[in-house]
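Participant: Top line first, the protein sequences correspond to chains S and B.
The first sequence lines up with residues 1 to 336 when you count with my numbering.
The second sequence lines up with residues 1001 to 1358 when you count with my numbering.
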Amino acid sequence: MSDQLLYGIEAAINGLMTGVMYSLVALGFVLIFKASGIFNYAQGVMALFGALTLVGIQSGQVPFSHLINAVFGTKIHHFSWEVPAVAAILLTIGVMILFAWMVERFLLKHLVNQEPIILFMATIGLAYFMEGVGDLMWGSDIKKIDLPIPQGINETIDSLTYDWFGYGFYIDNLDITAAIIAVFLVVALTIFSQYSTTGRALRAVADDHQAALSVGISLRSIWVIVWSIAGFIALVAGVMWGAKSGVQFSLSLITLKALPVLMLGGFTSIPGAIIGGMIIGVGEKVFEFVVSSSWFGDAMGFTMNATENWFAYVLALLFLVFRPQGLFGDKIIERV
Amino acid sequence: MLYREAGDFKKSYAEDSQTFPLKLDRYGYYAILAIAFLVVPFVINDYWASAVLIPFLIWSIASLGLNILTGYCGQLSLGTGGFMAVGAYASYKLMTSFPDLNIMIIVLLSGAITASVGVLFGLPSLRIKGFYLAVATLAAQFFLVWLFNKFEWFYNYSASGQISAPTRSMLGFEVTGATASAPAKYLFCLVLVVLLAWVARNLTRGRIGRSWMAIRDMDIAAEIIGVNPLKTKLTAFAVSSFFIGVAGALFFAVYLGAVEVGEAFGIQKSFLVLFMIIIGGLGSILGSFIGAAFLVLMPVLLKNIMVGMLGWPIDLAAHIELVTIGFLIMLTLVLEPHGVAQLWRVTKQKLRLWPFPH
């Protein structure tokens, strides 16, 4: 096989893995959108906030130390302890559940029956608020996730592919772990929503708010549950992305990567989020590979690079023109 | 006592349907115009011009534009930053290619070029609706910014990748370039703001504006009563992009002077303009101005208080600013989803009855 083709295949496989990472964020969107019709722009910031909180608790940082120091002129920054990883994860999950409860209590409760656009904008406000609070609480410096997550080149795949093709593929262990976790999450969520009582209630709410209310399902507690699960998924996504590129502000921008995934897969479909992520991941890597290669330059007279920023959006846009509800979304039925 | 329509008789249809039917409103409007044109240019200094007034005027134009699209026609757009970039780069290319062209014509032409780009990106709106469309407009944002970064022709092959505005004058006064004076820049923006606000007001209360609102309220029903959705949506995209393009051209040529596209017209700007119209009020001309004033003034104020008076570090102040903006957006939406403009309407209604509430 020619070298170019091998490089292309490697790019495609890596794209597939990155796509799964996008899906991790997209999953949280789908959950909330299905259960409350809210397009939650804050999902990426929730990932950032979760990861920040985990690192902060684990390393024993004092919350709001920056602000306290500025107001009182003190110089505190860390407690003298460090929390073990498992306890820190549990505490962070607790924080995300508390956060879900607060969102419901102080924001969503007041916005029931508003138009979707208003709810969407409220989540943008929430995103800004959370980002500011996260930075205030834990500081805005780049942090490292201190969890035993496998990282670096996968030797087995490298040597195997070297034996087969004479060229070793570079595939990161982290990406493989993320893919396994994503598959696990999808299976767990599907089982949860199909076979548990709460899951049934969730699907009822997703189908019709009023009908669900009338058979005695508490809308408000369902929302808290949904936002808690979404917070948990955000935490997982935040940890995986944080392990990849450090916990920092830019983490919240993965929302913007998850949006085209959602459009492609449909806002209401959990498998759609995964498959959409894969299509986008492979698509953008392969497109970048092709348009930046020398033979494309020879044929067209110019090469392009850094297309990853927009390719996913343009792909999703073109796709939507032909199928406005995405790949797996519910069919949009319009009545007057 | 304060706000009465008693004794304010209308003798013709034109008088009855004017923008400010009440004398008090009308005189207030004239007074504000008089102060803005006759007093402010003589007392303005560089700090006020560059920190508050010029950004306020420019963002007002941008939020008027987005309000036409989102507030009046119901098409949520997150591509404002990208369209502002089109306006900025169009004005740069026009300024450098035709040195003798009047700057006013350049700014309006940049708006027209942006309008055509806006129509292009508005085409999918016929198939894609709601949130899918909002996300689709992000394609415009990212693609356009990438485009201006990538192809050197857009920034005349300059080594830094920046574009910087050459000096151009209007009626003998320099309005762009490093040596332009604050009052000249201010007046140039002000004339455009007044002109465009007048256009926006009269478009939105006429046939075109009503068809926009019909599409916003329910597009299928509008189609059935004979509103052409293709024409209506595309005119909304065109007019809105025209305004945003003018704002982008002014932002680059008059306000900043030199820009780097990713920094000046990033997605943050799209959200900023969206916040302006949410806080100000969707579907309200006055709301566009209130929102712009609010989001221009608040950071300046917060920064002055926290950094200037309390001596806090700048990054801390930036975080608190984020928290404040986010909080205010949520608060506005919870208390009054239709923005400050709606509060003003309610207040006026109460004032008319005061002190007898029934």
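Cβ coordinates follow ideal geometry from the N, Cα and C atoms, glycine included.
Since we're looking at a predicted model, the values are computed, not measured.
Is any beta-carbon of chain B found at less than 7 Å from that of W310 (chain S)?
Facilitator: Yes, because at least one Cβ of chain B sits closer than 7 Å to the Cβ of W310 (chain S).
Participant: Taking the straight line between their C-alpha atoms, what separation do you get for D3 (chain S) and A11 (chain S)?
Facilitator: Rounded to the nearest angstrom, the two C-alpha atoms are 12 Å apart.
Participant: A1136 (chain B) touches chain S at which residues, Cβ-Cβ below 8 Å?
Facilitator: Within 8 Å Cβ-Cβ: M263, Y313, A316, L317 and L320.
Participant: Using a C-beta cutoff of 7 Å, does P324 (chain S) count as contacting chain B?
Facilitator: Yes, P324 (chain S) counts as interfacial toward chain B.
Participant: Can you give me the Cβ contacts of F1173 (chain B) inside the same chain, cut-off strictly under 6 Å, excluding the 5 residues immediately before and after it?
Facilitator: Result list for F1173 (chain B): A1184, in chain order.
Participant: Report the three-state DSSP secondary structure of I1225 (chain B) (helix, strand or coil).
Facilitator: Coil.
Participant: Smallest Cα separation from S1164 (chain B): which of B:Q1349, B:L1022 and B:A1258?
Facilitator: That would be B:A1258, whose Cα lies nearest to the Cα of S1164 (chain B).
Participant: If contact means a Cβ-Cβ distance below 8 Å, which residues of the region 135-153 of chain S contact chain B?
Facilitator: Answer set for the region 135-153 of chain S: D135, L136 and S140.
Participant: Kindly indicate which three-state DSSP category E1005 (chain B) falls into: helix, strand or coil?
Facilitator: Three-state result, E1005 (chain B): coil.
Participant: Within 7 Å of any Cβ in chain S, is that where the Cβ of P1124 (chain B) sits?
Facilitator: With 7 Å as the cut-off, P1124 (chain B) counts as an interface residue toward chain S.
Participant: S1110 (chain B) to I1103 (chain B), Cα distance in whole Å?
Facilitator: C-alpha separation (whole angstroms): 10 Å.
Participant: Measuring only between beta-carbons, confirm whether V290 (chain S) sits less than 7 Å from chain B.
Facilitator: Closer than 7 Å: no.
Participant: Verify the CB distance criterion: does Y128 (chain S) have a CB-CB separation below 7 Å to chain B?
Facilitator: Taking Cβ atoms only, chain B reaches closer than 7 Å to Y128 (chain S), which makes this a yes.
Participant: Does any CB atom of chain B fall closer than 7 Å to the CB of M121 (chain S)?
Facilitator: Chain B contact via Cβ: present.
Participant: What residues from the region 1139-1152 of chain B come within 7 Å of chain S, judged by C-beta to C-beta, listed N to C?
Facilitator: Correct list: A1139, F1142, F1143, W1146 and K1150.
Participant: When DSSP labels each residue in this structure, what does F1173 (chain B) get in the three-state scheme?
Facilitator: Strand at F1173 (chain B).
Participant: Anyone know if the C-beta pair for S1240 (chain B) and G1081 (chain B) falls short of 7 Å?
Facilitator: No, the pair does not count as a contact, with Cβ atoms beyond the cut-off.
Participant: Flag this pair as touching only if the region 138-146 of chain S and the region 51-71 of chain S have three or more C-beta atom pairs under 8 Å; answer yes or no.
Facilitator: Counting Cβ pairs under 8 Å, three or more are found: they touch.
Participant: Note down the Cα distance separating L185 (chain S) from S1116 (chain B), rounded to an integer number of angstroms.
Facilitator: Going from the Cα of L185 (chain S) to the Cα of S1116 (chain B) covers about 45 Å.
Participant: Find the residues of chain B that neighbour L185 (chain S), judging by a C-beta separation of less than 9 Å, and give them in chain order.
Facilitator: None at all; the shortest Cβ gap to chain B is about 23 Å.
Participant: Can you tell me the Cβ-Cβ gap for V247 (chain S) and A51 (chain S), rounded? I've got them flagged as a contact below 8 Å.
Facilitator: Indeed they touch by this definition, with Cβ atoms about 5 Å apart.
Participant: Roughly how many angstroms separate the alpha carbons of K285 (chain S) and L262 (chain S), rounded to a whole number?
Facilitator: Using only the alpha carbons, I get a separation of about 18 Å.
Participant: What are the residues in the region 93-115 of chain S lying within 7 Å of chain B by C-beta distance?
Facilitator: Cβ contacts with chain B come from L107, H110, L111 and Q114.
Participant: Thinking C-alpha only, which one of B:G1074, B:F1148, B:I1044 and B:K1269 is nearest K1093 (chain B)?
Facilitator: Checking every option, the nearest Cα to that of K1093 (chain B) belongs to B:F1148.
Participant: Given V203 (chain S), which residues of its chain have a CB within under 7 Å of its CB, disregarding the five upstream and five downstream residues?
Facilitator: This sequence places Arg at residue 203 (chain S); Val is not what is there. Within the same chain, R203 (chain S) has close Cβ partners S193.
Participant: Closest Cβ-Cβ distance between F1242 (chain B) and chain S: below 7 Å?
Facilitator: It does not: the Cβ of F1242 (chain B) has no partner Cβ on chain S nearer than 7 Å.
Participant: Chain B partners of I118 (chain S), CB-CB under 7 Å?
Facilitator: L1333 and P1337, listed in chain order.
Participant: Report the residue from B:L1196, B:S1125 and B:T1347 whose alpha carbon sits nearest the alpha carbon of S1060 (chain B).
Facilitator: The option with the nearest alpha carbon to S1060 (chain B) is B:L1196.
Participant: Which chain B residues are close to A70 (chain S), counting only those with a beta carbon under 8 Å from its beta carbon?
Facilitator: Chain B residues near A70 (chain S): L1310, W1312, P1313 and L1316.
Participant: Once you ignore the five residues that flank L1282 (chain B) on each side, which residues in its own chain have a CB closer than 6 Å to its CB?
Facilitator: Within the same chain, L1282 (chain B) has close Cβ partners G1071.
Participant: In whole angstroms, give me the CA-to-CA distance for W1048 (chain B) and I233 (chain S).
Facilitator: Computed Cα separation, rounded: 47 Å.
Participant: Rounded to whole angstroms, what's the CA-CA distance from K144 (chain S) to E1263 (chain B)? Just pull it up for me.
Facilitator: Whole-angstrom Cα-Cα distance: 27 Å.
Participant: Check I142 (chain S) in the structure and name its three-state DSSP category.
Facilitator: DSSP places I142 (chain S) in coil when its eight states are reduced to three.
Participant: Run through DSSP, which three-state label would V247 (chain S) get?
Facilitator: The answer is strand: DSSP assigns V247 (chain S) an E or B state.
Participant: Return the chain-ordered list of same chain residues with a C-beta closer than 7 Å to the C-beta of I149 (chain S), the five sequence neighbours on each side being excluded.
Facilitator: Excluding residues within five positions, the ones whose Cβ falls inside 7 Å are L174, T177 and A243.
Participant: Using the three-state DSSP reduction, which class does H77 (chain S) fall into: helix, strand or coil?
Facilitator: Looking at H77 (chain S) - three-state DSSP - the assignment turns out to be coil, as it is neither helix nor strand.
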